[in-house]
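Here our numbering is used: position 307 in the sequence shown is 1242, and no number is missing along the way.
Here a beta-carbon is modelled for each residue, glycine too, at the ideal position from N, C-alpha and C.
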Amino acid sequence: MQSDILDPSWSGIAHVSDATKAFLAQPHKLLINGEHTEGVKGNTLNSYDPATGEKLATVCTGTEEDIDNAVKAARAAFNGPWSALSHFDRAKLLKKLAVAIAEHAEVFTELEVLDNGMPRFIAALTVENISEMFDYYAGCAQHIEGTTTQPPRHVAMEAEALTYTLKEPVGVAGLIVPWNVPISTAVLKLAPALAAGCTVVVKPSEETPLSILLLGQLLKETGFPDGVVNIVNGYGHDAGARLSAHPDVDKVSFTGSTATGRKVISAAMGNLKKVSLELGGKSPVVVMPDADVELVVPGIALATFFLQGQNCMAGTRIFIHESLHDEVVEKLIAFTSSLKIGHGLQPETFLGPLISAGHKEKVLGYISKGQEEAAKLVYGGRPLAGNGHFVEPAIFTGCHRDMAIVREEIFGPVMAIQSFSTTNLDEIAAMANDTEYGLSGSVWTESLSTAHALVARIRAGQVSVNCHGAIGTNIPFGGYGQSGWGREFGREGLDAYLETKAVTARLSARQ
Ligand code: NDP
């Protein structure tokens, strides 16, 4: 059984709406201080459909000078019109933006599919989610509240006094965004940053520059003051590095690889800016002997192959109890072979292409390495025909802890299965925790006790039971270990853009 691509010559651009065609045909400039600009050096890059290789658009790219201009604009907006707005007025703008996104959902969805390759159903979900995210953080903006507490003893002994805390925006935030879920990873930084009262400079990935530009257009139309959101497409080593190092940026929030995360930390050291990092993962999926196989099979296939595995939460280290191993593997192969591979805009598609030719080579390199290291490739792993960067999902069995496919983040559709015989939860947790990462994980069992006992032992920021990668707007998400610093989503996502100021006021001398 092998996978086949639906139709390698199917053109995505030919099938999008007129509104998306019109967006693609317009100029794609940087957004700095409310102006669409070509950038100081006038550089550009071309964006391509990873499913077909067709050119989508030429996009202006910024360099260090443009980052400097964008930071200046963000600082002026922070010191001026944005901070002058009340929390309630900020919330109104965020709500208006949520509505505008919903009204442009089809164009956002088609741009995400064309630029990134993801299937339409995933793109549609992410677009629904970004609208929801602005709405959610609009609500949070109205509830930015400090606390009151007892004044310090030495003051209280001498005078009546009052102590309270204020929550204030961190300032100018640099948001560095990856290509794997482009608009979603941008908005899960942007929405809380704006709700908190920060102004921002966004640096999207060079691979996926388009959907954020549509958002920039809507920000202007919905009445956000100039300079509050600045968008500088450009390269990481240039625009990204400058944003991380910029002395007038107060915070940088980065999503991407652990290697680049380290560079961001070093660059941020100059002015000791605050840093949030959402990095890589190699998440464990543990199938206990009492698991429901009918649930497990699609569940673990999706844990690994969702978004072609280009997903930081992907469950790629699969541990199956020996009593279920053969049955699960056999059914997993049948299930995986039923997943349709094609252009993301074809309605039957479940798996799209990888992001680029370079990334495809990297993923195929890992598949070869797995075979060299004597893991057993029981399904898939071939490149598929056509100009797109398609690789069929690969399932390896007989894996062990020292193999590269078990240790390293591949960011592709490669599943590494290990069989285990123990039922000792400490031993099972030790296997699951045998990684430098700690982003996500899942436990599959019918026993409530086993589930919660294992969840408590797994070192990861998000652990799901009988499902995997259960993210949501209101649910904090982030990593233990080398998977990152801080949390996004939910209230904690807002806190990442707030400072706490403690105030003690001496009122009058004690009588
Ligand atoms: P990177 O970490 O290189 O890129 C993420 C973002 O950082 C992009 O906007 C990139 O810009 C930017 N960037 C690159 N270099 C610097 C720098 N020196 N300073 C500041 N910003 C920089 O990831 P890639 O896109 O290259 O993907 C490589 C690997 O990273 C993947 O194979 C995967 O393993 C992992 N990854 C993990 C993600 C996650 O969600 N955890 C998301 C994406 C990737 P540009 O693209 O323009 O170079």
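Taking C-alpha atoms, which residue in the options lies nearest to residue i?
i     : options                       : result
P1411 : M1068, H1172 and V1349        : M1068
P1113 : G1191, A1292 and K1275        : G1191
L1319 : G1287, A1011, L1046 and G1333 : G1287
A1008 : G1216, H1403 and T1134        : T1134
A1076 : P1087, E1047, N1051 and A1130 : A1130
V1210 : I948, D1185, M1053 and G1132  : D1185
A1226 : I1406, D1024 and E1381        : E1381
V1163 : F1254, F1013, K1027 and G1250 : F1013
E1296 : V1107, V1326 and V1062        : V1326
G1419 : A1365, L980 and E1213         : E1213
G1171 : L1150, N1165 and V1199        : V1199
G988  : G947, F1023 and F958          : G947
K1217 : T979, Y1099 and I1352         : I1352
H1335 : E1308, G1316, A1365 and T1357 : E1308
E1041 : A1202, L1097 and F958         : F958
S1375 : S1119, A1405 and L1020        : A1405
Nearest-angstrom Cα distance between residue i and residue j?
i     : j     : result
L1101 : D1173 : 36 Å
D984  : E1362 : 45 Å
Y1314 : A1011 : 56 Å
I1302 : A1310 : 10 Å
M1092 : R1445 : 8 Å
V1221 : A1437 : 45 Å
F1241 : S944  : 23 Å
K956  : N1115 : 23 Å
E1343 : A1249 : 12 Å
A1180 : F1189 : 13 Å
P1127 : R1394 : 26 Å
S1354 : N1368 : 16 Å
A1176 : S1140 : 13 Å
L991  : V975  : 23 Å
P1348 : P1328 : 5 Å
L1149 : F1043 : 7 Å
G1428 : R1441 : 34 Å
D939  : V1034 : 39 Å
A1005 : G1293 : 31 Å
S1021 : L1433 : 15 Å
Buried or exposed, going by whether 16 or more other CB atoms sit within 10 Å of the CB of residue i?
i     : result
N1450 : Limits of the chain in this structure are 936 at one end and 1446 at the other, which puts residue 1450 out of reach.
N1409 : exposed
P1086 : buried
N1051 : buried
G1305 : buried
M1204 : exposed
T1251 : buried
H963  : buried
G1300 : exposed
R1422 : buried
N981  : exposed
F1056 : exposed
L965  : buried
E1257 : exposed
E1142 : buried
For the beta strand (DSSP E) containing residue i, name the first residue and the last one.
i     : result
N981  : N978 to Y983
M1223 : Where M1223 is concerned, there is no enclosing beta strand (DSSP E), given that its DSSP letter is neither H nor E.
C995  : K990 to T996
M1350 : V1349 to F1355
G1376 : S1375 to W1379
V1398 : Q1397 to V1400
R1252 : G1250 to H1256
A1440 : L1433 to A1444
Could you tell me the boundaries of the alpha helix (DSSP H) in which residue i lies?
i     : result
V1062 : R1055 to A1076
T1134 : Careful: T1134 lies outside any alpha helix (DSSP H), inside the beta strand (DSSP E) at T1134 to K1138.
K1102 : From DSSP, K1102 is part of no alpha helix (DSSP H) but of the beta strand (DSSP E) over A1094 to P1104.
T1190 : Unbroken run through T1190 is the beta strand (DSSP E), K1186 to T1190; no alpha helix (DSSP H).
H1022 : H1022 to E1038
E1156 : S1146 to E1156
T955  : D953 to A960
A1176 : A1176 to A1180
H1335 : Premise fails: H1335 is in no alpha helix (DSSP H) and is neither H nor E.
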